[in-house]
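Peer 1: Residue numbers (full-length UniProt numbering), protein chains in the order written: chain A, 1 to 209; chain B, 1 to 209. All C-beta atoms, glycine included, are put in the ideal place defined by N, C-alpha and C. Computed from a predicted structure; not experimentally measured.
2 protein chains.
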Amino acid sequence: MSTPVRTRAARKSPAERSAEIAEAARVLALEQGLTAVTLRAIAARAGVAPALVAHYQPSMDALVADTFATIVADEIDEVAAFLAARPGPRERLGALLDTLLDGTRDDVTIVWVEAWAMGRRNEALAASVREQMDAWQAVVQGVIEDGAATAGFQTTDAAAAAWQLLGMIDGLNAQALVRWGDASARGSMIHGAVEGMLGLERGALAAHD
Amino acid sequence: MSTPVRTRAARKSPAERSAEIAEAARVLALEQGLTAVTLRAIAARAGVAPALVAHYQPSMDALVADTFATIVADEIDEVAAFLAARPGPRERLGALLDTLLDGTRDDVTIVWVEAWAMGRRNEALAASVREQMDAWQAVVQGVIEDGAATAGFQTTDAAAAAWQLLGMIDGLNAQALVRWGDASARGSMIHGAVEGMLGLERGALAAHD
DNA sequence: CACGTTATTGATCGCATGATCAATATATCG
DNA sequence: CGATATATTGATCATGCGATCAATAACGTG
């Protein structure tokens, strides 16, 4: 039996405690989804009374929205850095597809799906979702514009192409959340699709590892 | 003021009452999402005591799962009939993309997104989701196989291509749920993407209206 | 018309959620 | 060392959820 008894939490600076609570929310969201980001669950994880969580947050809606934003912003930074290490737009685009569809980020996918659903009842979260979608789109659009300028990507609307690409990726990942066992096949045909979308020859986006 | 007073409901046959409850759940899900499919909300909508809803259903999880299945199965039938009226695989595939991305089915999209999220905590719903995804995939796979046999679709794995296609569609629709205002542009580039995926010449899937 | 079957209901339980507030304990400062 | 500021807490409220069950009322049948 785990003993859920809780001793009084050590007194800490507001900044430190606030950060601990945010971190507890982040871990909880990645492990069990945004639905599990609840006043009491966070308090238990942070080893703190439920009231303290409320004390440091204007509302749970806001905390959920912030948690979502943190998780996704981290992922964007991580992937952007990953892409920056590639030599050119074709490699970057191929690597983008591969890394986002390799099944290693299902925890983030769950957060996305739940955010879409919960956003209809949590306006702050909905705003965060739109914001992070825009951030993702900016990254992808940058790659496509670069490719159009220097690598033969044929598109007159890089912004729309970026949205299309993100939609494809999100949909495939969301699907894989339910249809277990196809993690490997998840991105098997997306290279051909994207090549067709951007007027590239077949195989243009193949991995170079 | 709407008067929420409820008179005793007329006595009806179990079959009829059961159908009324299922219908109330269906409407509620389409109007407000699966999250709103709740014991009391359905009872209110059906003009019946909450206990009666419980009386006719083994559990709310089961009712939610059935409601989801009904809604999606209806949509599949509707779209399948719509496709059957088209002359050939190319027209069918183009029409499939157009009708699923024209933004007129956002109510169903919400149901899908919520089902993905809720399925993690409702096993019956998760099973329904897998079932309906398979049904959708079968329809799409049929079109692709037909196209491979008679219309030059180039693919060695119609099943995988069908999954890919559904993923793209679902993702774009889910995105549009949050990013209002791009309903018209939603499917602007998917024709090119699918043409690339299936090795078709550009414009092969253009509408013939 | 009386009676029995059963559709329907009100009341209630247990649990979980977010939120509020006076009370308490602790760190720091004078 | 004492006092003040404040981080922390327990208790509690209001709300909503699913579920259960004895009691009630309506229908159909004999």
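(1) With DSSP collapsed to three states, give me the class of Asn122 of chain B.
(2) At the level of alpha carbons, what is the spacing between Gln57 of chain A and Asp134 of chain B?
(3) What's the call for Gln132 of chain B, buried or exposed, on a 16-neighbour Cβ count within 10 Å?
(4) Please tell me whether Thr3 of chain B has its Cβ less than 8 Å away from any Cβ of chain A.
(5) CB-CB under 7 Å to Leu86 of chain A, same chain, minus the five flanking residues each way: which ones, in chain order?
(6) Residues of chain A with CB closer than 8 Å to the CB of His170 of chain B, please, in chain order.
(7) With a threshold of 8 Å, are at least 3 pairs of Cβ atoms found where one atom belongs to the stretch 106–120 of chain A and the other to the stretch 170–178 of chain A?
(8) Measure the C-alpha to C-alpha separation of Ile144 of chain A and Val129 of chain A and round it to an integer number of angstroms.
(9) List the residues of chain B whose Cβ lies closer than 8 Å to the Cβ of Ala126 of chain A, in chain order.
(10) Between B:Ile21, B:Ala24, B:Thr35, B:Glu201, which has its C-alpha nearest Ala151 of chain B's C-alpha?
(11) Whole angstroms is fine: what's the gap from Thr3 of chain B's alpha carbon to Ala44 of chain B's?
(12) So, at 7 Å on beta carbons, what are the nonlocal neighbours of Ile21 of chain B in its own chain, with the 5 sequence-adjacent residues on each side left out?
(13) Measuring only between beta-carbons, confirm whether residue 234 of chain B sits less than 8 Å from chain A.
(14) Flag Ala185 of chain A as yes if its beta-carbon sits less than 8 Å from any beta-carbon of chain B, otherwise no.
(15) Roughly how many angstroms separate the alpha carbons of Val48 of chain B and Leu34 of chain A, rounded to a whole number?
(16) Between which two residues does the alpha helix (DSSP H) containing Pro89 of chain A stretch?
(17) Examine the Cβ distances between the stretch 69–80 of chain B and the stretch 70–82 of chain A and report whether three or more of them are shorter than 8 Å.
(18) State the DSSP-derived secondary structure class of Arg17 of chain B, mapped to helix, strand or coil.
(19) Could you check the C-alpha separation between Pro14 of chain B and Met118 of chain B for me, to the nearest Å?
(20) Can you name the residues of chain A whose CB is closer than 7 Å to the CB of residue 236 of chain B?
(21) When you compare the CB positions of Arg179 of chain B and Leu101 of chain B, do they come within less than 8 Å of one another, or not?
(22) With distance defined between alpha-carbon atoms, name the residue in B:Met60, B:Ala124, B:Gln141 nearest to Thr156 of chain B.
(23) If you measure between the beta carbons of Val194 of chain A and Leu165 of chain A, is that distance less than 8 Å?
(24) Can you look up Asp77 of chain A in the DSSP assignment and give me helix, strand or coil?
(25) Between Met197 of chain A and Ala161 of chain A, is the Cβ-Cβ spacing less than 8 Å?
(26) Expressed to the nearest angstrom, what Euclidean distance is found between the alpha-carbon atoms of His191 of chain B and Arg90 of chain B?
(27) Nearest chain B C-beta to Glu195 of chain A closer than 8 Å, yes or no?
(28) Let me check understanding here. Comparing Cα to Cα, which of B:Ala159, B:Asn122, B:Gly88, B:Ala148 lies closest to Val139 of chain B?
(29) Going by the CB atoms, is the gap between Val108 of chain B and Val64 of chain B shorter than 8 Å?
(30) Taking the alpha carbon of Gly203 of chain B as the point to measure from, which residue in A:Gly199, A:Leu205, A:Ala206 has its own alpha carbon closest?
(31) If you follow the alpha helix (DSSP H) that Gly47 of chain A is part of, which residue opens it and which one closes it?
(32) So what's Thr109 of chain B in DSSP terms, helix, strand or just coil?
(33) For Ala51 of chain B and Lys12 of chain B, I'd like the C-alpha separation in whole angstroms.
Peer 2: Working from what's here:
(1) coil
(2) 43 Å
(3) buried
(4) Confidence in Thr3 of chain B is poor, its pLDDT being 47 and thus under 50, which makes the residue's placement too unreliable to answer from.
(5) Just to set this straight, residue 86 of chain A is Arg in the shown sequence, not Leu. Cβ neighbours of Arg86 of chain A beyond the five flanking positions: Arg92, Ala95.
(6) According to the sequence shown, residue 170 of chain B is Asp rather than His. Correct list: Gly171, Ala174, Gln175.
(7) yes
(8) 22 Å
(9) Val178
(10) B:Glu201
(11) The pLDDT assigned to Thr3 of chain B is 47, lower than 50, so where the model puts this residue is not dependable; a value taken from the coordinates is nonetheless given after this. Taking the straight line from one Cα to the other gives about 12 Å.
(12) Ile42, Ala46, Val53, Tyr56
(13) What the structure shows of chain B is the stretch from 1 to 209, and residue 234 of chain B is not part of that stretch, so it cannot be assessed.
(14) yes
(15) 34 Å
(16) 89–100
(17) no
(18) helix
(19) 29 Å
(20) Given that chain B is displayed from residue 1 to residue 209, the structure contains no residue 236 of chain B and the question cannot be resolved.
(21) no
(22) B:Gln141
(23) yes
(24) helix
(25) yes
(26) 11 Å
(27) yes
(28) B:Ala159
(29) no
(30) A:Gly199
(31) Unbroken run through Gly47 of chain A: none, as it is neither H nor E.
(32) helix
(33) 15 Å
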